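Below is one structure, written out as structure tokens; the observations come after it.
2 protein chains.
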Amino acid sequence: MKLSSLRTPLRDGQLIVVSRDLSRAVAVPAVAPTLQAALDDWERMEPKLREVSDALNAGGKLDNVFAFDVSKLAAPLPRAYHWVDGSAYVNHVELVRKARGAQMPETFWTDPLVYQGGSDDFLGPCDDVPVPSEEFGIDLEGEIAVITDDVPMRTTHDAAGSHIKLLMLVNDWSLRNLIPGELAKGFGFYQSKPATAFSPVAVTPDELGAAWSHSTLQRPLTVHVNDELFGRPNAGMDMTFDFARLIEHITKTRNARAGTILGSGTISNYDRSLGSACIAERRMLEQLEHGKPITPFLKFGDRVRIEMFDEEGRSIFGAIDQRVVRA
Amino acid sequence: MKLSSLRTPLRDGQLIVVSRDLSRAVAVPAVAPTLQAALDDWERMEPKLREVSDALNAGGKLDNVFAFDVSKLAAPLPRAYHWVDGSAYVNHVELVRKARGAQMPETFWTDPLVYQGGSDDFLGPCDDVPVPSEEFGIDLEGEIAVITDDVPMRTTHDAAGSHIKLLMLVNDWSLRNLIPGELAKGFGFYQSKPATAFSPVAVTPDELGAAWSHSTLQRPLTVHVNDELFGRPNAGMDMTFDFARLIEHITKTRNARAGTILGSGTISNYDRSLGSACIAERRMLEQLEHGKPITPFLKFGDRVRIEMFDEEGRSIFGAIDQRVVRA
């Protein structure tokens, strides 16, 4: 099942069910007005939404089916109560440290690292990305995220997987030149993480078939910058902490409530031939190889496209395709 | 105007208008079902809510008025899209550093420090506080918070004040023994900040009269631990960054959307005779005076009460009055 949210005058948009091939969609006001409303009562809502989805995919008789148009979308959750992003590809974290000549603590291989992001103002998949200054070091971060139902405090790895209800792609926009100063203050990111963007649709795990395995998504993420292939790292490779382990981590002292969005962190593979899912990583590799970074961060007008294809080359989530603009 | 949320089977509770003396209340389903709904359309909603509030305070004819009972409340916003907490009393931050023999950077006096907290699962004012282990170092943090309407990116200090629509008290529960390990990882708090609690009512700034001045609240916050007065620091004293300055900070690279909750950080005064609004600060003062901390962190069964009174001794927000329990 694939779900999406139309932009409307209402802040949470309108929930729509989208056909597997991303060609057609239908609103479901009789089931749930918004994706958050569906997640708030998922056990009861999911079968009803699946009925609509099955009929839509079978080409059955449904009223008010319309052509799916990504330009009319908000993020699947236009705003959320909880957006927590991991750094599950520890290879990436190790590279960051290596590039600045610092050792990474051994515990980073066993204890996940997460930060909490802004969730009151998400960007839709085709929204412009407003940034006040190019001097901030504008960068993308290509990631996977899951959406959970209610996860109680102290959920174990074994119990965590069943709480994953939907998956999306993420561009966790980052302002690299604001990060060192902000992290030096000791409380983590805030200004250095502007609004985050999500893929056109969120999909249930069964849509991924065998590619969804052990709470990891075994497919490459394709990243283009200005129509040039930037990287194609595999989200299922080198993920030190799977999503179930991340859920265990975030519920050590808290409940995670329905609609929690949990990100993987920038996808990063040891196989450097696959490229990167952020400019910072490529710059670190350049630093290590050439003694200095070469690839610049993004400028106003630059475009970033993030997408994932199934084995037959069909887009699973639709593309995040955005342009950076002056705020 | 004083607003509150009754706990109901719905996750966002039911918005109620409460009388100034906190004795009576009335639901307003014809105006707005929830506080978030009111905040989403505040300009249109506020006058309607004020009409009800004025009638309630005048003892006028209103249907279905009931006795206000704090035991039936959720937090004013039972969940929110954005909870960002400052460290506006830099005296407190300086003390933390001094107690561990570290220098505080000079920029801490000019550049606010904030972290983003969990907002999907707030505690009501009388809810038990579930913690997995006493070994986590259970502590309170007495604070003030404001709730804003939509604040656009790059809002200046001068323009920020008018976005403050409501104020509340906060207990920003903290797990002190998890903090050093978590901050050492560099991404700020997550596990060390369990669910946050808020006062019974949120009030509009005009309810505070002259005590609300220059985006600061000039009243003492009264903190009791197990019925013993723990501290009575004045929220209007030694606040290095007023709420307008904090709003300017949090909108440098983002919009803050309606219903953003922005906290002051633990209230802390240079006048040590006023006591502290968290145990960690008292322990730091003990460390500096006696060479070691003396006051223990909280145990299961301990109670914490946080309240603020007006000049005539009337409770403004009602009391946060909670008991720590094993999760």
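As you go down the protein sequences, you meet chains R and A in turn. Using this note's numbering, you'd call the opening residue of the first sequence number 1368 and step up by one each time. Using this note's numbering, you'd call the opening residue of the second sequence number 1368 and step up by one each time. Every residue, glycine too, gets a C-beta built ideally from N, C-alpha and C. Values in this document were obtained by computation on a predicted structure and should not be read as measured data.
Based on DSSP bridge pairs, tell me the residues matched to ASP1452 of chain A.
DSSP, once it has assigned bridges, lists A:TYR1482 and A:GLY1630 as partnering ASP1452 of chain A.
Are the C-beta atoms of GLY1712 of chain R and some chain A residue less than 8 Å apart?
Any question about residue 1712 of chain R goes unanswered here, given that chain R covers just 1368 to 1694.
Going straight from the alpha carbon of PRO1414 of chain R to that of ALA1447 of chain A, what length do you get?
Approximately 28 Å between the Cα atoms of the pair.
Cβ neighbour criterion (16 or more within 10 Å) applied to LYS1659 of chain R
With fewer than 16 other beta carbons inside 10 angstroms of its own, LYS1659 of chain R counts as exposed.
THR1571 of chain R classed as buried or exposed, judged by whether at least 16 other C-beta atoms fall within 10 angstroms
With 16 or more Cβ atoms within 10 Å of its Cβ, THR1571 of chain R is classed as buried.
Give the DSSP-derived three-state secondary structure of ILE1661 of chain R in the structure shown.
ILE1661 of chain R: coil per DSSP, three-state reduction.
Going along the chain, which residues of the region 1464-1495 of chain R sit with their C-beta nearer than 9 Å to a C-beta in chain A?
Residues are counted here when their Cβ sits less than 9 Å from a Cβ of chain A; for the region 1464-1495 of chain R these are PRO1472, THR1474, PHE1475, ASP1478, LEU1480, VAL1481, TYR1482, GLN1483, GLY1484, GLY1485, SER1486, ASP1487 and ASP1488, given in chain order.
Would you please verify whether the beta carbon of TYR1456 of chain R is less than 8 Å from any beta carbon of chain A?
No, no contact with chain A.
Limits of the unbroken beta strand (DSSP E) element including ILE1531 of chain A:
ILE1531 of chain A -> beta strand (DSSP E) spans 1531-1538.
Which residues of chain R have a Cβ atom closer than 9 Å to the Cβ of ASP1594 of chain A, listed in chain order?
Result: empty, since nearest Cβ-Cβ is about 27 Å, beyond 9 Å.
Taking only beta-carbon positions, decide if LYS1552 of chain A is within less than 8 Å of chain R.
It does: the Cβ of LYS1552 of chain A has a partner Cβ on chain R nearer than 8 Å.
Hey, GLY1555 of chain A and TYR1482 of chain R: beta-carbon distance below 8 Å or not?
Inclusion of GLY1555 of chain A and TYR1482 of chain R in the CB contact set at 8 Å is warranted, their separation being smaller than that value.
Where does the unbroken alpha helix (DSSP H) through PRO1414 of chain R begin, and where does it stop?
From DSSP, the alpha helix (DSSP H) with PRO1414 of chain R extends over 1409-1424.
Residues of the region 1525-1552 of chain R with Cβ closer than 7 Å to any Cβ of chain A, in chain order:
Flagged, chain order: LEU1542, LEU1550 and LYS1552.
What residues from the region 1510-1525 of chain R come within 8 Å of chain A, judged by C-beta to C-beta, listed N to C?
Of all residues in the region 1510-1525 of chain R, MET1520 and ARG1521 have a Cβ within less than 8 Å of some Cβ in chain A.
Given a limit of 9 Å on CB to CB distance, which residues of the region 1386-1414 of chain A reach chain R?
Within the region 1386-1414 of chain A, ASP1407 place their CB atoms closer than 9 Å to a CB of chain R, listed in sequence order.
Count the other C-beta atoms from every protein chain shown that fall within 10 angstroms of the C-beta of ARG1650 of chain R, then say buried if there are 16 or more, exposed otherwise.
By the neighbour-count rule (16 or more Cβ atoms within 10 Å), ARG1650 of chain R is buried.
Rounded straight-line distance, which links the Cα of GLY1642 of chain A to that of GLU1410 of chain A
GLU1410 of chain A and GLY1642 of chain A have their C-alpha atoms roughly 40 Å apart.
For the region 1548-1633 of chain R, list the alpha helix (DSSP H) runs that are entirely contained and at least 4 residues long, ordered along the chain.
Listed in chain order, they are 1610-1617.
What are the start and end residues of the beta strand (DSSP E) that includes ASP1379 of chain R?
Here ASP1379 of chain R belongs to no beta strand (DSSP E), and DSSP marks it neither H nor E.
Assign SER1559 of chain R to one of two classes, buried (16 or more other C-beta atoms within 10 Å of its C-beta) or exposed (fewer than that).
Buried, since its Cβ has 16 or more Cβ neighbours within 10 Å.
7 Å Cβ cut-off: residues of chain R touching ARG1378 of chain A:
Those within 7 Å of ARG1378 of chain A in chain R are ASP1407.
So is GLN1689 of chain R in contact with chain B if we call contact Cβ pairs under 8 Å?
Absent here is chain B; the protein component of the structure consists of chains R and A.
Do you know how far the Cα of ALA1512 of chain R is from the Cα of ILE1683 of chain R?
Using only the alpha carbons, I get a separation of about 14 Å.
Give, in chain order, every residue of the region 1664-1675 of chain R whose Cβ lies closer than 8 Å to some Cβ of chain A.
Hits within the stretch: zero.
Specify whether the region 1467-1486 of chain R and the region 1593-1603 of chain R touch according to this definition: at least 3 beta carbon pairs, one from each stretch, less than 8 Å apart.
No: fewer than three Cβ pairs fall under 8 Å.
Beta-carbon spacing of GLY1380 of chain A, VAL1568 of chain A below 8 Å:
No. Outside cutoff.
Please decide whether ARG1624 of chain A counts as near chain R, where near means a Cβ-Cβ distance under 8 Å.
Yes, ARG1624 of chain A lies at the interface with chain R (some Cβ there is under 8 Å from its Cβ).
Starting from ARG1309 of chain R, trace the alpha helix (DSSP H) both ways and give me its first and last residue.
Lying outside 1368 to 1694, the shown extent of chain R, residue 1309 of chain R is not represented and no answer is given.
Determine the extent of the beta strand (DSSP E) in which ALA1394 of chain A is found, giving its start and end residues.
Residues 1391-1394.
As an exercise, report each continuous beta strand (DSSP E) stretch of at least 3 residues that is fully enclosed by the region 1638-1689 of chain A, in chain order.
DSSP assignment within the region 1638-1689 of chain A yields the following whole beta strand (DSSP E) runs of 3 residues or more, N-terminal first: 1670-1674.
Taking 6 Å as the limit between beta carbons, can you name the residues of its chain near LEU1406 of chain R, skipping five residues before and five after?
So the list reads ALA1625 and GLY1626, once near-sequence residues are dropped.
Taking the alpha-carbon positions, what's the ASP1669 of chain R to PRO1497 of chain R distance?
Roughly 12 Å between the two C-alpha positions.
Residue from R:PRO1376, R:TRP1540 and R:SER1372 with nearest C-alpha to ALA1404 of chain R:
Distance from the Cα of ALA1404 of chain R is smallest, within the candidate group R:PRO1376, R:TRP1540 and R:SER1372, for R:SER1372.
Which value, in whole angstroms, describes the spacing of the CA atoms of PRO1443 of chain R and ASP1677 of chain R?
Rounded to the nearest angstrom, the two C-alpha atoms are 20 Å apart.
Quick one: using the 10 Å Cβ neighbour count with 16 as the cut-off for buried, is ARG1661 of chain A buried or exposed?
The question names Arg, but residue 1661 of chain A in the sequence shown is Ile. Around the Cβ of ILE1661 of chain A, a 10 Å sphere holds fewer than 16 other Cβ atoms; the residue is exposed.
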